[in-house]
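Protein chains in written order, with the working numbering: chain A, 19 to 153; chain B, 19 to 153. A virtual CB, placed ideally from N, CA and C, is assigned to each residue, including glycine. The structure under discussion appears below in the form of structure tokens.
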DNA sequence: CTTTGTGCAAAGGCTTTGCATGCTT
DNA sequence: AAGCATGCAAAGCCTTTGCACAAAG
């Protein structure tokens, strides 16, 4: 074998994977597999739903994507190169505000440290009613 | 009609609902509907799965339960009388540490206020590797 | 007696998987 | 040529819903 075992095989370059990756690059926010599939279909790219799921699974395994689970149970994907931030979501109209804030990050760190946890990730969702919907 | 429309009808008292409520009272942490159903079954109480789901939906609507969605997409329920806290979870062995901390609460409040959001809830998960699993 | 709750089974939505075929390397 | 990737359809989970029957008030 001519490989270095420390490096995993790279996924093959296919039209479908490129399409999924490209869409995720263009799309800055969390999006579901179903929606990705629909968007690709409506923009002419023929990609099977199963392939979308498999591509996403790959990218998640490779650490290229962040995932969260929506309230309805759908998994949402986002390219994780984008700066880490959290969302403030209106539960009525769906308006989303990005929150960049180091406080939570520090909090998560300190909690982890206090309990000797390593390699921590955190996930924060704040849901409420925006001014417009509160009235 | 003899009712005051401001009060919603109270759910009827049935063996099944009591069983579900009682189990949730005994169980201090988040638990899935499926698991509730299984536990009830194995402890002799005959409660249909659909009934478990409907009972839970009721209690959620009545504000008696908190819910979160697990990574696998299952909805987890918890009696919300218990003090609000967050979990620090080991992604390897599943060990869970309850974190009582006012910092995050305050952070969520301030973020909400800064964006004129009302009636906010928040959900925080910190996942990492505990000391034992990190070695 | 009227209304609400229950059970069962079927249906729904998201995701995964088996298998034959096609494409990348 | 060899092996991973794709597509399709079937199957798997969790959850919801339709309908007839049972129970609560």
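Three-way DSSP call (helix, strand, coil) for residue i in this model
i, result
"residue 139 of chain B", "strand"
"residue 145 of chain B", "strand"
"residue 114 of chain B", "strand"
"residue 20 of chain A", "Note that residue 20 of chain A scores a pLDDT of 35, beneath 50, so its modelled location is shaky; the value from the coordinates is reported in the next line. In the structure shown, residue 20 of chain A sits in coil (DSSP, three-state: anything other than H, G, I, E or B)."
"residue 25 of chain A", "Its pLDDT being 46, under 50, residue 25 of chain A is placed unreliably by the model, and the measurement read from it follows with that caveat. Of the three classes helix, strand and coil, the one that applies to residue 25 of chain A here is coil, per DSSP."
"residue 193 of chain B", "It is not possible to answer for residue 193 of chain B, since the shown part of chain B is limited to 19 through 153."
"residue 55 of chain A", "helix"
"residue 121 of chain B", "helix"
"residue 63 of chain B", "coil"
"residue 30 of chain B", "coil"
"residue 128 of chain B", "helix"
"residue 44 of chain B", "helix"
"residue 73 of chain B", "helix"
"residue 133 of chain A", "coil"
"residue 90 of chain A", "coil"
Beta-bridge pairing of residue i - partner residues as DSSP gives them
i, result
"residue 95 of chain A", "A:49, A:85"
"residue 106 of chain A", "A:115, A:144"
Anticipated Cβ contact below 8 Å, residue i with residue j, distance rounded
i, j, result
"residue 86 of chain B", "residue 70 of chain B", "Between residue 70 of chain B and residue 86 of chain B the Cβ distance is about 17 Å, and since that is not below 8 Å, they are no contact."
"residue 102 of chain A", "residue 117 of chain A", "So it is not a contact: roughly 11 Å between Cβ atoms."
"residue 96 of chain A", "residue 83 of chain A", "6 Å"
"residue 107 of chain A", "residue 126 of chain B", "Not confirmed; about 12 Å, so no contact."
"residue 94 of chain A", "residue 61 of chain A", "Not a contact, Cβ separation roughly 20 Å."
"residue 115 of chain B", "residue 140 of chain A", "No, residue 115 of chain B and residue 140 of chain A are not in contact; Cβ-Cβ is about 14 Å, not under 8 Å."
"residue 79 of chain A", "residue 147 of chain B", "About 18 Å separates the two Cβ atoms, so there is no contact after all."
"residue 134 of chain B", "residue 64 of chain A", "Actually they do not touch by this definition, with Cβ atoms about 44 Å apart."
"residue 122 of chain B", "residue 122 of chain A", "7 Å"
"residue 37 of chain A", "residue 58 of chain A", "6 Å"
"residue 119 of chain A", "residue 129 of chain B", "7 Å"
TODO: Select from the segment 125-140 of chain A all residues with a C-beta closer than 9 Å to any C-beta belonging to chain B, and list them in chain order.
DONE: Listed by position, the residues of the segment 125-140 of chain A near chain B (Cβ gap below 9 Å) are 125, 126, 128, 129, 130, 132, 133, 134, 135, 136, 137, 138, 139, 140.
Open item on the list: Closer than 8 Å between beta carbons: that is the criterion. Which residues of the segment 141-152 of chain A meet it against chain B?
Closed with: Listed in sequence order: 141, 142, 143, 144, 145, 146, 147, 148, 149, 152.
TODO: Pull out every residue of the segment 58-87 of chain A whose Cβ sits closer than 8 Å to any Cβ of chain B, in chain order.
DONE: Here the close residues are 87.
- [ ] Please name the residues in the segment 25-49 of chain A whose beta-carbon is closer than 7 Å to at least one beta-carbon of chain B, in chain order.
- [x] Considering only beta carbons, no part of the segment 25-49 of chain A lies closer than 7 Å to chain B.
Task: Selection of the segment 113-124 of chain A by Cβ proximity to chain B, strictly under 8 Å - done: Here the close residues are 115, 117, 119, 121, 122.
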